[in-house]
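Just so we're aligned, residue 51 is where the sequence shown starts under my numbering, counting upward by one.
We put the beta carbon where it would ideally sit given N, CA and C, even for glycine.
Computed from a predicted model, the values in this text were never measured in an experiment.
Reviewing the structure listed below.
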Amino acid sequence: MHFDKTISWDSTGTKFLIYDQEEFVSRVLPEFFNQTKFSSFARQLSAYGFERIFNLQVSTKILIYTHQNFRRDDPEACAKICRRYARGSQGVSLDNLVFRGSTTET
Numbered sequence: 051m052h053f054d055k056t057i058s059w060d061s062t063g064t065k066f067l068i069y070d071q072e073e074f075v076s077r078v079l080p081e082f083f084n085q086t087k088f089s090s091f092a093r094q095l096s097a098y099g100f101e102r103i104f105n106l107q108v109s110t111k112i113l114i115y116t117h118q119n120f121r122r123d124d125p126e127a128c129a130k131i132c133r134r135y136a137r138g139s140q141g142v143s144l145d146n147l148v149f150r151g152s153t154t155e156t
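So this is what it looks like as structure tokens:
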């Protein structure tokens, strides 16, 4: 499956862009994340330290997210991404999560 018109990396490989939120929710979320609600997905991104970028030069319909350890050319850095919890709680590494489907398709 190709999702280039739905989601892709930016040119630097440091951010990912969601171009079509409806298509993302109906095709990508169920296939790779076992979710059907964007609000739940966005909450998970926030819990793992992803930041939403607001860029006035880009359409407001395009959603942009970034994380210092989520880089196109450095997949090993994903192991450093941990869920943030309230004070005193332990983080959970992304290594322990199970994603459905293959993320290598373009």
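query, result
"Start and end of the alpha helix (DSSP H) containing arginine 93?", "88-97"
"Which residues in the same chain as arginine 121 place their Cβ atom closer than 7 Å to its Cβ, once the five residues preceding and following it in sequence are excluded?", "Gly63, Thr64 and Ala127"
"From aspartate 123 to serine 61, what does the alpha carbon distance come to, in whole angstroms?", "12 Å"
"If distances are taken between C-alpha atoms only, which option among Gly99, Val75, Leu67 and Leu106 comes closest to leucine 113?", "Leu67"
"Under the three-state reduction of DSSP, which class applies to phenylalanine 83: helix, strand or coil?", "helix"
"Tell me the DSSP bridge mates of leucine 67?", "Ser58 and Ile114"
"Could you have a look at arginine 102 and say whether DSSP puts it in helix, strand or coil?", "strand"
"Taking phenylalanine 186 as the reference, give the member of Tyr98, Thr116 and Arg93 with the closest Cα.", "In the structure as shown, the chain starts at 51 and stops at 156, and residue 186 therefore has no counterpart that could be examined."
"Pick from Ala129, Gln71 and Leu95: whose alpha carbon is nearest that of tyrosine 135?", "Leu95"
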